[in-house]
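> Numbering-wise (our numbering), the sequence shown opens with residue 16 and increments by one.
C-beta atoms are modelled at their ideal positions from N, C-alpha and C, and glycine is treated no differently.
Following this message is one structure expressed as structure tokens.
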Amino acid sequence: MVWDAVQAPAHLGDRVLASLGDASGAVVRDYYRHRLYWFVPPGTAASWRPVPYVETYGRGTWIEIPPAGLRRGLGPHWVRDPAPGPGPGPVPLLTGVEALHEALTVAYATANGPRVKERR
């Protein structure tokens with residue numbers, strides 16, 4: 016499977032998880048680095064519109080993927096695991112780009128307030 020990844024700090028990523036709910040594809044959490052990773056279609060990193068504190072990873076990048084079924088721990092583990100297992104049903108690997116971008120934009124605005132131009 017080929018994919019790109021979108022990484023967000025946990026303080027934004029947790030808001031995005033709550034916002035997307037079942038619309039989110041697979042998600043990896045790294046407690047040690049305080050980061051969450053979503054998987055998106057190949058080519059997304061090249062065309063991603065910037066969101067503060069959010070990074071994208073495309074072709075030629077290494078992302079540490081936890082073993083199937085690993086759902087706890089201080090290192091990388093699945094928050095939304097695409098592997099079969101207990102739960103409401105299979106989780107798709109990829110998340111929709113527009114939905115993820117919108118959720119990250121809203122999470123950033125909510126966490127940091129609106130941007131206001133300084134008056135001179």
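Spatial neighbours of residue 30 within its chain, please: C-beta separation below 6 Å, excluding the five flanking residues on both sides.
Cβ contact annotation for residue 30 (same chain, cutoff 6 Å, sequence separation greater than five): 122, in chain order.
> Taking the alpha carbon of residue 99 as the reference point, which residue from 114, 76, 82 and 88 has its own alpha carbon closest?
82
> Find out if the Cβ-Cβ distance for the pair residue 112, residue 55 is shorter than 9 Å.
yes
> Thinking residue 119 and residue 66 are a contact (beta carbons under 8 Å), I'd like their distance in whole angstroms, please.
5 Å
> What residues are listed by DSSP as bridge partners for residue 8?
Residue 8 lies beyond the residue range present for the chain, which begins at 16 and ends at 135; the question has no answer from this structure.
> Could you pull the DSSP bridge partners for residue 44 from this structure?
In the DSSP output, where bridge partners are listed per residue, residue 44 has 51 and 92.
> Less than 9 Å between the beta carbons of residue 53 and residue 23, yes or no?
By the CB criterion at 9 Å, residue 53 and residue 23 fall inside the cutoff.
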